[in-house]
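S.K.: In the working numbering, the protein residues as written are 45 to 223.
First, the structure itself, so that you have it in front of you.
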Amino acid sequence: FRTGRVFVSGESGNTSGNSFEYTTVAYSSDGTQPWVKRYNGNPAGNGHNYVYAMAADSSGNVYVTGVNNNFDSIATVGYSRWGDALWTNTSVAISPSAIATDSTGNVFVAGTADNSGLGIIKYSSSPSSAPGLTYQFVNGSLVISWTGAGCGLQSSTSPAGPFADVPGATSPYTNSLAG
45 FRTGRVFVSG ESGNTSGNSF EYTTVAYSSD GTQPWVKRYN GNPAGNGHNY
95 VYAMAADSSG NVYVTGVNNN FDSIATVGYS RWGDALWTNT SVAISPSAIA
145 TDSTGNVFVA GTADNSGLGI IKYSSSPSSA PGLTYQFVNG SLVISWTGAG
195 CGLQSSTSPA GPFADVPGAT SPYTNSLAG
C-alpha cells in the first residue's frame, strides 16, 4: 500500500500489569508514531491476547488477528490508516495462523479448525455491522451461525477459491459431515 507507513503489531502488558493486549503501532516515513492502538478482548481487562498475524489492504487499512481471553476465541481487528477502528470480530471457528486481503478489500483469516483441518473466515470489505461467526458439531453435522448484514455463506473446493454463495443458506446453516 502507498501510505508511507509501516505497521507493527504484537502483545504488550496492560496498565494493571496482569494481562497482555494486542498493540498495533503505525510509523510514518520520518519515524514518528501517528497512532498506537490497543485491543483487550476481556471486558475486565485481565485476559491474555496474543497477535498471530497482520495484513494491510491497498487503502492502507491494517488488520490484526490472534487469540484472546486465554485462548478461548480469536479476535480480528481492523483499523483505518488513520487509526480509526473499522470493526472487531470474535469467533471460535479457527485457531488463526494467517491473514490476507484481496483486491476488493475482503479480509481472509486462515487457520486450524479444531482437529478437522483448514478453516478460512472471509469478512466483507464493508460490513454494515460487526460480523460474527460461530460453529458447532451436533449429531454428526456442522452447524454454522453468523450475524451481520454483510455476512453470508460461501464454499469452495479449494482454500484458494474461487468462492461461491451457497444458494438459500440462512443462519443457522446445517451441513451433514457424512460422506
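Positions of the beta carbon are idealized from the N, C-alpha and C atoms, including for glycine.
Look at Val95 and Tyr66 and say whether their C-beta atoms are less than 8 Å apart.
M.R.: Taking the first residue of the sequence shown as 1, we reach residue 95 at position 51. Taking the first residue of the sequence shown as 1, we reach residue 66 at position 22. Contact: yes.
S.K.: Assuming the contact rule is C-beta atoms closer than 8 Å, Ala97 and Thr109 should be a hit. Round their C-beta distance to whole Å, please.
M.R.: Position 53 of the sequence shown, counted from the first residue, corresponds to residue 97. Position 65 of the sequence shown, counted from the first residue, corresponds to residue 109. That belief holds up - the Cβ atoms of Ala97 and Thr109 are roughly 5 Å apart, short of 8 Å.
S.K.: I need the straight-line Cα distance from Thr145 to Phe152, nearest angstrom please.
M.R.: Numbered from 1 along the sequence shown, position 101 holds the residue referred to as residue 145. Numbered from 1 along the sequence shown, position 108 holds the residue referred to as residue 152. Distance between the alpha carbons of Thr145 and Phe152 is about 6 Å.
S.K.: Is Gly75 helix, strand or coil by DSSP?
M.R.: Position 31 of the sequence shown, counted from the first residue, corresponds to residue 75. In this structure, Gly75 counts as coil in the three-state DSSP scheme.
S.K.: Rounded to the nearest angstrom, what separates Thr120 and His92 at their Cα positions?
M.R.: On the sequence shown, position 76 is the one that residue 120 refers to. On the sequence shown, position 48 is the one that residue 92 refers to. Answer to the nearest angstrom: the Cα atoms are 15 Å apart.
S.K.: Using CA coordinates, which residue listed in Ser102, Gly54, Ser53, Gly85 is at the minimum distance from Ser147?
M.R.: Position 103 of the sequence shown, counted from the start, is the residue given in the question as residue 147. The candidate whose alpha carbon is nearest that of Ser147 is Ser102.
S.K.: Measuring alpha carbon to alpha carbon, tell me which of Ser73, Thr76, Asn84 ends up nearest Gly57.
M.R.: As a working mapping, residue 57 is identified with position 13 in the sequence shown. Minimum Cα distance to Gly57 is reached at Asn84.
S.K.: Might you give, ordered along the chain, the residues of its own chain that have their beta carbon closer than 8 Å to the beta carbon of Thr156, omitting 5 neighbours on each side?
M.R.: The sequence position of residue 156 within the sequence shown is 112, counting from 1. If we look at Thr156 and ignore the five residues flanking it on each side, its Cβ neighbours are Ile138, Ser139, Ser141, Leu162, Gly163.
S.K.: Sorted by chain position, which residues of the same chain lie with C-beta nearer than 6 Å to Val32's C-beta, five sequence neighbours on each side aside?
M.R.: The chain is shown only over 45 to 223; residue 32 falls outside these bounds and no answer can be derived.
S.K.: Compute the Euclidean distance between the alpha carbons of Ala154 and Val111, then round it to the nearest angstrom.
M.R.: What you label residue 154 is simply residue 110 of the sequence shown in a count that begins at 1. What you label residue 111 is simply residue 67 of the sequence shown in a count that begins at 1. Going by the C-alpha atoms only, they are around 13 Å apart.
S.K.: Quick one: grab the DSSP three-state call for Thr145.
M.R.: For this step, residue 145 is matched to residue 101 along the sequence shown. In this structure, Thr145 counts as strand in the three-state DSSP scheme.
S.K.: Arg82 by DSSP, collapsed to three states: which one?
M.R.: Mapped onto the sequence shown, residue 82 falls at position 38. Note: Arg82 maps to strand in three-state DSSP.
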